[in-house]
Amino acid sequence: MLLETGVEGLFLRELRMDDLEGFYSWQNDPEIAKYYVFTRVPRTREEARRALESIVAGGGGDSVHLAVARNAHTPDDEFLGVMSLKSISALDRHAEFAAVIASAREMGKGYGRAASVRMIRYGFDTLNLRKIYLSILSGNERTIHLYETMGFRREGIFRQHVYIGGKYEDLAWYSLFPEELKD
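Just so we're aligned, residue 18 is where the sequence shown starts under my numbering, counting upward by one.
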């Protein structure tokens with residue numbers, strides 16, 4: 018699978034085992050990991066390898082995980098991050114969205130927004146979802162702003178829901194319907 022994002026040279030593609038270094042490094046980069054609930058505990062290279070191996074082998078089950086890549090399927094292919102639709106419910110037609118740009122030097126260039134919009138469109142148009150939702154640490158103002166400009170609406174706050182960095186943090190929940198998505 019190869020999905021164009023609308024940004025020249027930027028694609029969503031299947032994750033591969035040769036993405037391991039990028040897949041592993043962002044999960045242990047404190048400047049990136051501090052914004053994500055699922056990276057509260059550093060992973061070893063072996064744990065990251067097993068997780069990636071499971072995804073590559075089709076072990077995603079009710080999830081779709083795609084790599085954000087520059088120059089996909091060329092000798093210059095460069096892993097930049099991951100976009101995911103998780104807990105996909107065919108019956109209820111909803112899924113949870115998660116995204117990460119894996120390099121601090123690539124943040125702020127519009128790659129996250131372009132890749133997120135493309136993955137969300139894939140969910141609505143190809144998977145026939147009617148709602149996509151996400152959770153985010155309520156202190157992650159930069160990413161909250163991004164999702165709000167894309168059309169996501171806050172549904173609620175789980176107060177002091179996750180323990181990160183020695184304290185409990187609120188988790189904000191957002192959702193989006195197809196007609197609300199702003200490219």
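For every residue, glycine included, the Cβ atom is placed at its ideal position computed from N, Cα and C.
Selection from I137, E63, E158 and R147 that minimises the alpha carbon distance to A115: I137
Nearest-angstrom Cα separation, counted from V99 out to W43: 10 Å
Per-residue DSSP class, three states only, for D187: strand
Exposure label - H82; buried when at least 16 CB within 10 Å: buried
Within 8 Å, strictly: CB atoms of Y52 and E113: no
Beta-carbon gap between V24 and Y128 smaller than 8 Å: yes
Other residues of its chain near M167: CB distance less than 6 Å, five sequence neighbours each side excluded: K199
For E123 and R130, the rounded distance between their alpha carbons: 12 Å
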